[in-house]
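Engineer: Sharing a structure with you now.
Number of protein chains: 2
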Amino acid sequence: MDNGLLVVISGPSGAGKGTICKRLKEEIKDLKVSVSATTRKPREGEIEGTSYYFINEEEFIKRINNEEFLEYAKVYGNYYGTPKREVFKELQDGNDIILEIDIQGALQVKKNYPKGVFIFILPPSLTELNNRIEKRGTDSKEVILKRMQCAYDELDYAFEYDYVVVNDEVEAAVEKIKIIILAEKNRAIRKKAIISKIREV
Amino acid sequence: MDNGLLVVISGPSGAGKGTICKRLKEEIKDLKVSVSATTRKPREGEIEGTSYYFINEEEFIKRINNEEFLEYAKVYGNYYGTPKREVFKELQDGNDIILEIDIQGALQVKKNYPKGVFIFILPPSLTELNNRIEKRGTDSKEVILKRMQCAYDELDYAFEYDYVVVNDEVEAAVEKIKIIILAEKNRAIRKKAIISKIREV
Numbered sequence: 001m002d003n004g005l006l007v008v009i010s011g012p013s014g015a016g017k018g019t020i021c022k023r024l025k026e027e028i029k030d031l032k033v034s035v036s037a038t039t040r041k042p043r044e045g046e047i048e049g050t051s052y053y054f055i056n057e058e059e060f061i062k063r064i065n066n067e068e069f070l071e072y073a074k075v076y077g078n079y080y081g082t083p084k085r086e087v088f089k090e091l092q093d094g095n096d097i098i099l100e101i102d103i104q105g106a107l108q109v110k111k112n113y114p115k116g117v118f119i120f121i122l123p124p125s126l127t128e129l130n131n132r133i134e135k136r137g138t139d140s141k142e143v144i145l146k147r148m149q150c151a152y153d154e155l156d157y158a159f160e161y162d163y164v165v166v167n168d169e170v171e172a173a174v175e176k177i178k179i180i181i182l183a184e185k186n187r188a189i190r191k192k193a194i195i196s197k198i199r200e201v
Numbered sequence: 202m203d204n205g206l207l208v209v210i211s212g213p214s215g216a217g218k219g220t221i222c223k224r225l226k227e228e229i230k231d232l233k234v235s236v237s238a239t240t241r242k243p244r245e246g247e248i249e250g251t252s253y254y255f256i257n258e259e260e261f262i263k264r265i266n267n268e269e270f271l272e273y274a275k276v277y278g279n280y281y282g283t284p285k286r287e288v289f290k291e292l293q294d295g296n297d298i299i300l301e302i303d304i305q306g307a308l309q310v311k312k313n314y315p316k317g318v319f320i321f322i323l324p325p326s327l328t329e330l331n332n333r334i335e336k337r338g339t340d341s342k343e344v345i346l347k348r349m350q351c352a353y354d355e356l357d358y359a360f361e362y363d364y365v366v367v368n369d370e371v372e373a374a375v376e377k378i379k380i381i382i383l384a385e386k387n388r389a390i391r392k393k394a395i396i397s398k399i400r401e402v
C-alpha cells in the first residue's frame, strides 16, 4: 500500500512546466524529485545521483528489458528514463514525489502507475505560446511553426490527464497544483488502510 | 456543458454529514442547496420551496415515472426526492450545489449524474460512532447494535465515492471538503470549453 503521491507535471513544450516545478519544490519542502537515468555524458557541474544517474547504453537497454523504467525515451541519440525502484521506494515511505515530463513520457507513466496524479499544464492561449517561443529566440520560423502545430495537436491529450491547469500566472498555477495535491490525499482509492483501521476500533 | 459542481455529501448515519453541510453553506456563500420534494405534510414553520416542495403522492409518482428525480426514496410511508431540473439549472448557470444524502440516495445520484463529486464522510472510529449515537439517547440498545452493524457494512460503499473524509474534527473536515471543491474545478473532464478556447487564440 503506497502512502505517497506520484505527481506528474506534463504538457506541451513552452507551457512552463519547468518554472512551475521549480516553484513547487521551493514551496513544498517535503516534495521529492525523481532523478532520471541517462546514457548522455555528464556536462560540467552535473552530479551523479543528483542531476542524473549516468549509465552506459548496454546497461540502459538491460534495464529496459528488465522493465526497470516507469518511462523512457531516446532523444538525439541518448536514452533518458525514470527508474521505477527509486520512485516506488519514496511512495512506500510515504513521500510525495514529483515528475516533470513530456506528454509521451507521462502516458507511459500512466500505463505503469495509473494511481499517479496526472496534471496537464497549458499556456493561456496559442498566441501566448507562440510569443514565449519567439522570445527565446532559439528557433527558426519553420521550427516555430512546427512547434505550434505540434502544441495544437497535443491539446487533445489533456483529456488523458486527471487535471488541467492553465499557466497564465505562475503563482496562481502553483497554488492550484498545491490544492490538487492536498485534495488528492482524500481520494477514496487511497483510503483502504484507514477504513480497515476504523473497523478495528 | 455544465460549469457548476454537484457536491454530494454522504456517509453512515451519525458520521456528522448535517453539521458539515451547515458549516459549508456558512463558509461558501455562493454554494446552492438542493430543495427536495416530499409527500410528507408540512410541519410548523416549514416553508414551501425552501424547506421542501410539498406535493401529493399522485404527483410524486407521476414525476418518478417521468424520471424527474436525481434520486428518491420512501421513508416511513412518505416519499422524498431530489428534482433533476432545479439541480441541473443551477449547474448550467455555473453555480455549485450541495446535496446531503444517505448512501442509497448517493448511489442513485451517481448513476444519474456521474460527473458529480461524491464525498463519503466517516466517523474517526466505530467506537466513536457508538458514543455519538448513545449520547443522543434516542435509541434502545437493540437499535444501537443494529445501527452499528449497518455502519460496519456501509463502510464498503466508501470505495464507490471519489473522496473519503474522516470527521474527527468538524472544522478540519470542512477545510478538506473546501479544498476538494477547489481542486475539482481543475479536473480535465470539466475543461473541454477552455481547451477549445485556447485553440482559437
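Line order of the protein sequences matches chains A and B.
Residue numbering for the first sequence follows this note's numbering, starting at 1 and increasing by one per position.
Residue numbering for the second sequence follows this note's numbering, starting at 202 and increasing by one per position.
Ideal Cβ placement from N, Cα and C applies to all residues, glycine included.
Nothing here was measured: the structure is a model prediction, and the numbers come from that model.
Can the beta-carbon of residue 253(B) be found less than 7 Å from the beta-carbon of residue 239(B)?
Structural biologist: yes
Engineer: Per DSSP, residue 37(A) forms a beta bridge with which residues?
Structural biologist: 53(A), 81(A), per the DSSP bridge assignment.
Engineer: Buried or exposed for residue 159(A), going by 16 or more other Cβ atoms inside 10 Å?
Structural biologist: exposed
Engineer: Please confirm whether residue 80(A) has its beta-carbon closer than 7 Å to some beta-carbon of chain B.
Structural biologist: For residue 80(A), the closest Cβ of chain B is not nearer than 7 Å.
Engineer: Secondary structure at residue 67(A), three-state DSSP: helix, strand or coil?
Structural biologist: coil
Engineer: Do the segment 129 to 147 of chain A and the segment 92 to 101 of chain A meet, that is, are 3 or more Cβ pairs less than 8 Å apart?
Structural biologist: In the pairwise beta carbon analysis, the segment 129 to 147 of chain A is classified as not touching the segment 92 to 101 of chain A: fewer than three pairs are separated by under 8 Å.
Engineer: Taking beta-carbon pairs under 7 Å, can you tell me which members of the segment 347 to 366 of chain B lie near chain A?
Structural biologist: 353, 356, 359, 360, 362, 363, 364, 365, 366
Engineer: Taking Cβ-Cβ distances shorter than 8 Å, what residues in chain A pair up with residue 388(B)?
Structural biologist: 162, 163, 164
Engineer: Going by the CB atoms, is the gap between residue 288(B) and residue 302(B) shorter than 7 Å?
Structural biologist: Judged by their CB atoms, residue 302(B) and residue 288(B) are not nearer to each other than the 7 Å cut-off.
Engineer: Tell me residue 274(B)'s beta-bridge partners as DSSP assigns them.
Structural biologist: 281(B)
Engineer: State yes or no: is the C-beta of residue 334(B) within less than 7 Å of the C-beta of residue 215(B)?
Structural biologist: yes
Engineer: If you draw a straight line from the alpha carbon of residue 47(A) to that of residue 128(A), how long is it in whole angstroms?
Structural biologist: 35 Å
Engineer: To which residues does DSSP link residue 299(B) through a beta bridge?
Structural biologist: 208(B), 234(B)
Engineer: Near residue 131(A), which residues of its chain fall below 6 Å by C-beta distance, leaving aside the five closest residues on each side in sequence?
Structural biologist: none
Engineer: Flag this pair as touching only if the segment 64 to 75 of chain A and the segment 100 to 114 of chain A have three or more C-beta atom pairs under 8 Å; answer yes or no.
Structural biologist: yes
Engineer: Are residue 221(B) and residue 318(B) close, meaning C-beta to C-beta below 7 Å?
Structural biologist: It is not a contact, given that the beta carbons lie outside the stated cut-off.
Engineer: Just reading off the alpha helix (DSSP H) that residue 152(A) is part of, what are its end residues?
Structural biologist: 141 to 154
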